[in-house]
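Student: Below you will find the structure I want to go over with you.
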Amino acid sequence: MLHPMQAFIRDEDVVEYEELQAWTGIGGDRPVEYVLFYVEAEREPYAAALDSVEPIRWYDLTPVDDGAFYAYVCQETLPADRSWREAFADLSVVPVPPVVYDSDAAFHMTLVGTGEDLQTTLSALPEDIDVTVEAVGEYDRRHAPVVGDLTDRQLEAVEVASELGFYAVPREAGVATVADELGCAPSTASDLLQKAQSRVMRRVARRYGRRTGE
1 MLHPMQAFIR
11 DEDVVEYEEL
21 QAWTGIGGDR
31 PVEYVLFYVE
41 AEREPYAAAL
51 DSVEPIRWYD
61 LTPVDDGAFY
71 AYVCQETLPA
81 DRSWREAFAD
91 LSVVPVPPVV
101 YDSDAAFHMT
111 LVGTGEDLQT
121 TLSALPEDID
131 VTVEAVGEYD
141 RRHAPVVGDL
151 TDRQLEAVEV
161 ASELGFYAVP
171 REAGVATVAD
181 ELGCAPSTAS
191 DLLQKAQSRV
201 MRRVARRYGR
211 RTGE
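Note that full-length UniProt numbering numbers the sequence shown so that position 214 is 214, with each residue one more than the last.
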């Protein structure tokens, strides 16, 4: 069962990007929780959606610019949320923010823990939750604030391109060379790089640009 705001993301063409950045009060039988989101969306429709969700006790929207804001929310813990979080109970598994929501209301998250506990977590999730494991390995996301919404494959493509000199001036390697190193078609490598560059540059401009708010 989706949280009402997840359904809003999926069903309404309002939210361009959303990530859960921090939370507290989540776990056990606590009746309320506090969560902080970074949102790129139309503010008024988003606020109206929050107003319509009965478990939300109060919220505060803090603008970043005309198209982005932070949403600080106090809400009653829903049974559906409590049921999937129980999969993490009493284990070494740590969710690493941000948790990124896509346009289908699915969320992407990084978990750190022992292999045994990670497998236990996956096995304990409710049957109605579909899970896709995108990557398994040593945790290393030193640049997560900027590239947190890139897929692992996109980040790999950028890393390979940088190592080969794709971003050097003048350029020392082309897309075909990057594709050979990645083991994919040039068109696939080009698509990975373009999408990664678009997301990173947009976030850099949004968060650090001097023209913010103009």
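Quick reminder that beta carbons are idealized off the backbone N, C-alpha and C, glycines included.
(1) In angstroms with no decimal places, state the Cα-to-Cα distance between Thr188 and Arg10.
(2) What does the Cβ neighbour count give for Pro170, buried or exposed, with the cut at 16 atoms within 10 Å?
(3) Could you check how far apart the C-beta atoms of Val14 and Glu42 are, in whole angstroms? I think they sit under 8 angstroms.
(4) Please name the residue, chosen from Val64, Glu33, Phe8, Ala48, that lies closest to Ala205 on a Cα-to-Cα basis.
(5) Alpha helix (DSSP H) containing Arg43: first to last residue?
(6) By Cβ distance below 8 angstroms, which residues in the same chain neighbour Leu36 in space, the five residues on each side in sequence not counted?
(7) Taking Val100 as the reference, which of Cys184, Thr151, Glu33, Arg30 has the closest Cα?
(8) State yes or no: is the C-beta of Tyr17 within less than 8 angstroms of the C-beta of Glu44?
Tutor: With the given structure in hand:
(1) 27 angstroms
(2) exposed
(3) Separation of the CB atoms of Val14 and Glu42 is rounded to 5 angstroms, and the pair is thereby assigned contact status at 8 angstroms.
(4) Val64
(5) 43 to 51
(6) Leu20, Gln21, Ala22, Trp23, Tyr70, Ala71, Tyr72, Val73
(7) Thr151
(8) no
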